[in-house]
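What follows is a short report on a single structure.
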Amino acid sequence: MTITGIRARFPLGVYLAHRPDGSPDPLPSTLRLHAALVSAASVGSTAEVKRSTLIRTAAATRALEWIEDNPPEYVELPACRENSPARGHSFRDEGVVEKVGKAPTRRKTPRTVGAGTAVSAPIGWGWDDVPSEVADTLAALCGDVPCLGEADSAVVLEYGEVVPTHRRSHAISPFAPAGIRIPSPLKGRLDELDDLYRDANPAIPPSAARDQWSATEKPTAPPISHVQAVEIGYDPIVEATPPDAPWAHVIHIETDASIPNSERVAWSVTLHRAMVAALDTEAPAAITGRYLSGIPKPANRVAIQPLDVGVMSLSRHRRLGAGIAVMVPEGALEITEQALRAVTRLYRRDADPIRLGKRTTVDAATFWREPADGMARVWESLPAVVPETRRPRRTQRRQWTLGESGLLSVGFVFRDELPAAPGTTAEERYAAVVDNVEAHDVTALTTAPIPDADVRRYAHKMPQGVVAQPYRLQLDGGSLLPDQAIVAVGQSRHLGGGLLVPLDLPASLVEMWRSAR
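Residue numbers are given in the working numbering: position 99 of the sequence shown equals residue 1068, and the series is strictly consecutive.
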């Protein structure tokens, strides 16, 4: 992920600075960056001449106030190492005599010594959206900043792309845990710095009488206040690893006739029975679906999905044409190919036989084509999704509509990729599954019951007590459903139902739906 912002590059590979209490400052803060830009705006190449002195422009003032109102949404913090000094303190000669007499003593004061922070890469501050006039002004100011921190901490500031490592925490409580806290300017910080500068540099210089040397005079640095500042928490950005595709392989089988949607389940059941019969007693549970009691069942087994020419045109394998897709989970490819080798025709009493032709094995994770530029991928069920459970009782947390039934079915397919669902009752566990799915921004966009009395078109068998209610589903897969993986959901996903087919829509429309959630 790259965004726009300011990057600080240290040519010597070391950042050197001190905090207000004198201790070494390990990394430059947003507060320090803002102060450096204020200095550059006031004495740099962009400043205007007025009455023989330099002042910053109105554009620079607006840009600096914009930073106060908009703390960086992101920061880029590379690997770094704070160098520990051999001694904790050193002493510096202030250049004045502290005691006047026969043996005058020069004033020396302790100073915390820091060998600086070794920085391996640039440090950056980034924003989601920067107004163009602010961006132009900040880019000009960056070129006038010679150092960040102490005078010997040379820096090159550049306005451009930032590769963030941390994102601003939006926790309401200031005591909420955060990966790192970074001092940042508040509104009014620019005025505060202006006041400090005027106090240290009065417009009317002191008179000769007021500027006489005194034996007791000691040099003091101008006071620096930090009233208009706050520490903002930033959390590490953890790139979400896309989940594995539910099925690993697809065996595409050519057929001499296209299978209509109304017969998808029936022909899938026919092929499934033929595969089991071909293996006889060697048929594994990954194909039969019958698992021994007490053994954890995997989320998915071998699934069969007829594909017509229209659906295949959405895939990366249009040349394969209409046929039947046998979706194979990891570790079951060899036994599935063995079962299919023995099946050359499919027979049903109420239909003409179908001849099975060439078999081609392709990757299930990249089965569909990529979305075109400017388009976002959502999914549409083919021909329908059938709920896998009874409708849970309505609770304070869940209404249990068909939309939530669809999210529950998605959670069952990706069960091995999601956290375990806690709960003592089925309703609690189902609610936890839906919570896990929603955490990946998966959303049921539309649902519509199908008023068809012949439910055999949509499901072969149903669990006891579960009513077959086929419905159409349009789904936003969020970060859970891979864009190109072939996936089926619902009770009949292993036998012809619940196939999710790509439906690409303008990205602006989908983004509008997402923002309206």
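A virtual CB, placed ideally from N, CA and C, is assigned to each residue, including glycine.
Item, Value
"Where the alpha helix (DSSP H) containing S1008 begins and where it ends", "999-1012"
"Given 8 Å, three or more beta-carbon pairs between the segment 1472-1480 and the segment 1318-1326", "no"
"Continuous alpha helix (DSSP H) stretch holding E1161: start and end", "1158-1169"
"4-residue-minimum alpha helix (DSSP H) runs that sit fully inside the segment 1261-1333, ordered along the chain", "1278-1281, 1302-1310"
"Span separating the alpha-carbon of M1344 from that of G1446", "14 Å"
"Buried/exposed call for E1357, threshold 16 Cβ in 10 Å", "buried"
"Same chain, Cβ closer than 6 Å to V1278, five either side skipped, listed in chain order", "A1291"
"A1055 burial status per 10 Å Cβ neighbour count (16 or more: buried)", "Because A1055 sits at a pLDDT of 47, beneath the cut-off of 50, its placement in the model cannot be relied upon, and the following sentence gives the value as read from the coordinates. Looking at its Cβ environment, which holds fewer than 16 other Cβ atoms inside 10 Å, A1055 is exposed."
"Exposure label - S992; buried when at least 16 CB within 10 Å", "exposed"
"Proximity to A1401 [Cα-Cα], best of Y1203, F1381, G1095, P1420", "F1381"
"Boundaries of the alpha helix (DSSP H) in which T1257 is found, first to last residue", "1254-1257"
"Pairwise C-alpha distance: R1075 and P997", "34 Å"
"Residue burial classification, S1374 (beta-carbon count within 10 angstroms, cutoff 16)", "buried"
"Rounded distance between the beta-carbons of R1314 and R1324, thought under 8 Å", "6 Å"
"Beta strand (DSSP E) segment containing T1393, residue limits", "First-last for T1393: undefined, no H or E at that position."
"Span separating the alpha-carbon of A1389 from that of P1267", "13 Å"
"Of the listed residues A1247, A1341, Y1260, W1348, nearest to E1306 (C-alpha basis)", "A1247"
"Status (buried if at least 16 other CB within 10 Å, exposed otherwise) for Q1433", "exposed"
"Straight-line gap, R988 to E1119 (C-alpha atoms, nearest Å)", "11 Å"
"Integer Cβ distance of Y1128 from I975, believed to fall under 8 Å", "6 Å"
"DSSP three-state assignment for R1441, whether helix, strand or coil", "strand"
"First and last residue of the uninterrupted beta strand (DSSP E) at T1086", "1086-1088"
"Neighbourhood of A1048 by C-beta distance below 6 Å, restricted to the same chain and skipping five residues each side", "S1089"
"Classification of G1466 by the beta-carbon crowding that lies within 10 angstroms, buried from 16 upward", "buried"
"Integer Cβ distance of T1416 from Y1440, believed to fall under 8 Å", "5 Å"
"Reference P1420, options R1328, A1353, V1280, closest by Cα", "A1353"
"Residues near Y1427 by beta carbon distance below 8 Å, same chain, minus five either side", "V1234, P1352, A1353, V1355, I1419, D1421, A1437, P1439, S1461, G1466"
"Supposed close pair P1294, H1221 - CB separation, criterion 8 Å", "It should be pointed out that residue 1294 corresponds to Ala in this sequence rather than to Pro. The pair is a contact, with the Cβ atoms about 6 Å apart (cut-off 8 Å)."
"Cβ distance (whole Å) where F979 is taken to contact V1103 below 8 Å", "About 25 Å separates the two Cβ atoms, so there is no contact after all."
"Extent of the continuous alpha helix (DSSP H) run through R1346", "Element bounds for R1346: not the alpha helix (DSSP H) but the beta strand (DSSP E), 1344-1351."
"Burial state of I1264, where buried means 16 or more other Cβ atoms lie within 10 Å", "exposed"
"Helix, strand or coil at R1360 [DSSP, three-state]", "coil"
"Contact between the segment 1190-1208 and the segment 1144-1158 (3+ Cβ pairs under 8 Å)", "yes"
"Beta-bridge pairing of D1473 - partner residues as DSSP gives them", "R1346"
"Close-in-space but distant-in-sequence residues of the same chain around G1372 (CB under 6 Å, 5 per side omitted)", "A1413, T1416"
"Selection from L1302, K1430, L1449, D1410 that minimises the alpha carbon distance to W1482", "D1410"
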